[in-house]
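Working notes for the structure below.
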Amino acid sequence: MTRIHIDPARVEAMIMEMGAIGAHSGTGVWRTVYSPEWVAANDLFARWSSEAGLSVSRDAVGNVSAKLAGTEGGKSIVSGSHIDTQTPGGRYDGTLGALSALIALGSLSDQFGPPKRTLEALSLCEEEGSRFPGANFWGSRAITGAIAPGDAEAMKGYSGETMAEAMRAIGLIPAAIPSARRDDIDSFVELHIEQGPILEHADLPVAIVDAITGLRHYHVTLTGEQNHAGAFPMDLRRDPMAGFAEIASGVINTAHRMGRPAVTTIGRIAADPNGAAVVPSSVSFTVDARHPDPQRRLELYALHEALMREVASRRGLTITWEIGIEKVPCLSDPALVATFREAAAAQGVPTLTMASGAGHDTQQMAKIARTVMIFVRSKDGRSHTPEEFSSIPDIVAGIEVLAAGLYRLAY
Numbered sequence: 002m003t004r005i006h007i008d009p010a011r012v013e014a015m016i017m018e019m020g021a022i023g024a025h026s027g028t029g030v031w032r033t034v035y036s037p038e039w040v041a042a043n044d045l046f047a048r049w050s051s052e053a054g055l056s057v058s059r060d061a062v063g064n065v066s067a068k069l070a071g072t073e074g075g076k077s078i079v080s081g082s083h084i085d086t087q088t089p090g091g092r093y094d095g096t097l098g099a100l101s102a103l104i105a106l107g108s109l110s111d112q113f114g115p116p117k118r119t120l121e122a123l124s125l126c127e128e129e130g131s132r133f134p135g136a137n138f139w140g141s142r143a144i145t146g147a148i149a150p151g152d153a154e155a156m157k158g159y160s161g162e163t164m165a166e167a168m169r170a171i172g173l174i175p176a177a178i179p180s181a182r183r184d185d186i187d188s189f190v191e192l193h194i195e196q197g198p199i200l201e202h203a204d205l206p207v208a209i210v211d212a213i214t215g216l217r218h219y220h221v222t223l224t225g226e227q228n229h230a231g232a233f234p235m236d237l238r239r240d241p242m243a244g245f246a247e248i249a250s251g252v253i254n255t256a257h258r259m260g261r262p263a264v265t266t267i268g269r270i271a272a273d274p275n276g277a278a279v280v281p282s283s284v285s286f287t288v289d290a291r292h293p294d295p296q297r298r299l300e301l302y303a304l305h306e307a308l309m310r311e312v313a314s315r316r317g318l319t320i321t322w323e324i325g326i327e328k329v330p331c332l333s334d335p336a337l338v339a340t341f342r343e344a345a346a347a348q349g350v351p352t353l354t355m356a357s358g359a360g361h362d363t364q365q366m367a368k369i370a371r372t373v374m375i376f377v378r379s380k381d382g383r384s385h386t387p388e389e390f391s392s393i394p395d396i397v398a399g400i401e402v403l404a405a406g407l408y409r410l411a412y
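Residue numbers (the numbering used here): 2 to 412.
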């Protein structure tokens, strides 16, 4: 196999043209699911797919598929990502994966002709939750059959509209959602910007992702006794803020001591009352704990819970918590990891193997297919912001790895 050529000028032109749809805040993009900007972006993806000689179709939730038919049939090898953005987000998160799949398929077709196995570029309709907070990977959940009857009618957006209403406004039929379910996908490969600093710190353009992190969100409430900040002695207090301070420091340091890729974040806190001269009666806060190793994540959670109970008991506080989001780690298929590492080496692209600390559509697609991800370096580790940026040389290197891996799987 000769080295796959990806045209940098074409890559940049496509990124900029797609990024102009919903352009916001200079370099940003505001493109929520089922909005006019979303419709225009998918129409452009479909047009480019047709111009590349691919067969284009759309499913009941608006996912756009572009197929390069194989000569031997069988299940498809699919690559893609989501076309919606944060409000505002950048030009690269999600969108780059959809465009990279399309570019890779066009390049493979031009250079090698039809594959043995069917290849497919996929533009997924939603991942960010930026219009409907409960959407939760709407496009990939439709493909995996994970949308329940009535979900579209019950789900409300930030502006009060339902998902069903938004779908009908662009001609989609909520009752047809079950028809989007698929059982014809063998492998799903998602190229994505890293959204973190690891590749930049390693001075490498591309990573092969061997796992997507497991995570648990705790919603914690510490309850003590409200008192005067000056008149009540320290040794007699049942102070939930003091308990919170110890727990916050403790859980963060626990993850730090455990080392990469363990992470723990305190993202939200509310004191009641929230007064400068008052020992509060209660403090509520969140704990976001993540680890991609199935066993190590349970150790992390257990350490956090033991610490929270011990601090509350020692300080005479009542502690309760509820678990909100809970996701188990999604491990990449080892054979696919090996295939794409070998493909990168053949293309002369240096890589490392790492876990993803963020969630992706790949987690949903893993329910029905073998999966792997490819990361492209993010400048300063930035994402979910108009300032996110990946260089064209890094992006081209990522697409070369994607195309070379797809060649190994399909030709």
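For every residue, glycine included, the Cβ atom is placed at its ideal position computed from N, Cα and C. Computed from a prediction, not measured in an experiment: that's the story for all the values here.
Counted within 10 angstroms of its Cβ, other Cβ atoms place residue i as buried (16 or more) or exposed
| i | result |
| --- | --- |
| Ser-141 | buried |
| Pro-330 | buried |
| Tyr-219 | buried |
| Ser-56 | exposed |
| Ser-114 | Just to set this straight, residue 114 is Gly in the shown sequence, not Ser. Exposed. |
| Ile-324 | exposed |
| Thr-352 | buried |
| Arg-32 | buried |
| Met-168 | buried |
| Gly-107 | buried |
| Gln-296 | exposed |
| Ala-370 | buried |
| Asp-111 | exposed |
For residue i: DSSP bridge partner residues
| i | result |
| --- | --- |
| Cys-331 | Ile-213 |
| His-25 | Gly-29 |
| Arg-182 | Paired residue(s): none; Arg-182 is not in a bridge. |
| Val-373 | Val-190 |
| Trp-322 | Val-221 |
| His-385 | Partner(s): none; His-385 has no beta bridge. |
| Thr-354 | Ile-209 |
| Asn-275 | Paired residues: none, contrary to the question. |
| Val-264 | Arg-291 |
| Ser-131 | Ser-131 is not bridged to any residue. |
| Thr-340 | Answer is none; Thr-340 lacks a bridge partner. |
| Val-280 | Asn-228 |
| Thr-88 | Answer is none; Thr-88 lacks a bridge partner. |
CB-CB length for residue i against residue j, believed under 8 Å
| i | j | result |
| --- | --- | --- |
| Asn-64 | Ala-143 | 7 Å |
| Val-284 | Ala-272 | 5 Å |
| Val-68 | Glu-121 | It is Lys, not Val, that sits at residue 68 in the sequence shown. Going by Cβ atoms, the distance from Lys-68 to Glu-121 rounds to 5 Å, so yes, they are a contact pair. |
| Ala-263 | His-292 | 5 Å |
| Ala-42 | Met-19 | 6 Å |
| Ile-84 | Trp-139 | Incorrect: roughly 12 Å between the Cβ atoms, too far for contact. |
| Glu-195 | Val-377 | 7 Å |
| Ile-174 | Ala-61 | 7 Å |
Span of the beta strand (DSSP E), counted from its first residue to its last, around residue i
| i | result |
| --- | --- |
| Leu-120 | 120-125 |
| Ile-253 | Per DSSP, Ile-253 belongs to no beta strand (DSSP E); it is in the alpha helix (DSSP H), 241-259. |
| Val-79 | 77-83 |
| Arg-59 | 56-59 |
| Ala-67 | 65-69 |
Limits of the alpha helix (DSSP H) - the one that residue i falls within
| i | result |
| --- | --- |
| Met-17 | 9-20 |
| Ala-309 | As written in the sequence, residue 309 is Met, which differs from the Ala given in the question. Met-309 -> alpha helix (DSSP H) spans 295-315. |
| Glu-396 | Reading the sequence as shown, one finds Ile at residue 396 and not Glu. Run containing Ile-396: 393-411, per the alpha helix (DSSP H) assignment. |
| Arg-142 | 139-144 |
| Val-40 | 37-52 |
| Leu-173 | No alpha helix (DSSP H) contains Leu-173, which DSSP labels as neither H nor E. |
| Glu-154 | 152-155 |
| Ile-148 | Neither: Ile-148 is in no alpha helix (DSSP H) and is coded neither H nor E. |
| Asp-362 | 362-366 |
| Ser-108 | 96-113 |
| Leu-200 | 199-203 |
Nearest neighbour of residue i, chosen from the options [CA to CA]
| i | options | result |
| --- | --- | --- |
| Ala-1 | Ser-384, His-361, Ser-379 | Residue 1 is absent from the model: the chain starts at 2 and stops at 412. |
| Glu-388 | Ala-24, Ala-14, Leu-173 | Ala-24 |
| Ala-278 | Thr-265, Ser-180, Asn-228 | Asn-228 |
| Ala-165 | Asp-294, Tyr-35, Gly-251, Arg-378 | Tyr-35 |
| Phe-341 | Ile-209, Ser-110, Leu-173, Trp-39 | Ile-209 |
| Thr-72 | Ser-101, Ile-84, Ser-66, Thr-119 | Thr-119 |
| Asp-185 | Pro-351, Val-79, Ile-253 | Val-79 |
| Ala-344 | Ser-101, Gly-399, Arg-183 | Gly-399 |
| Thr-96 | Pro-9, Cys-126, Lys-117 | Cys-126 |
| Ser-160 | Thr-321, Ser-131, Leu-103 | Ser-131 |
| His-257 | Met-242, Ala-359, Leu-205, Ala-290 | Ala-290 |
| Ala-230 | Ser-282, Arg-269, Phe-245 | Ser-282 |
| Thr-224 | Lys-117, Asp-240, Pro-234, Thr-214 | Asp-240 |
| Val-252 | Phe-390, Ala-307, Ile-199, Gly-406 | Ala-307 |
| Gly-317 | Val-12, Asp-334, Gly-27, Met-235 | Met-235 |
| Gly-406 | Ser-188, Ala-147, Phe-390 | Ser-188 |
| Thr-321 | Lys-328, Met-309, Arg-315 | Met-309 |
| Ser-82 | Gly-98, Ile-171, Gly-90 | Gly-98 |
| Gly-349 | Asp-8, Glu-401, Arg-183 | Glu-401 |
| Lys-157 | Ile-178, Ile-174, Pro-134, Pro-175 | Pro-134 |
Residue i CB to nearest heavy atom of the ligand SAM below 8 Å
| i | result |
| --- | --- |
| Thr-119 | As presented, the structure is devoid of all ligands, the ligand SAM included, so that no description of it is given. |
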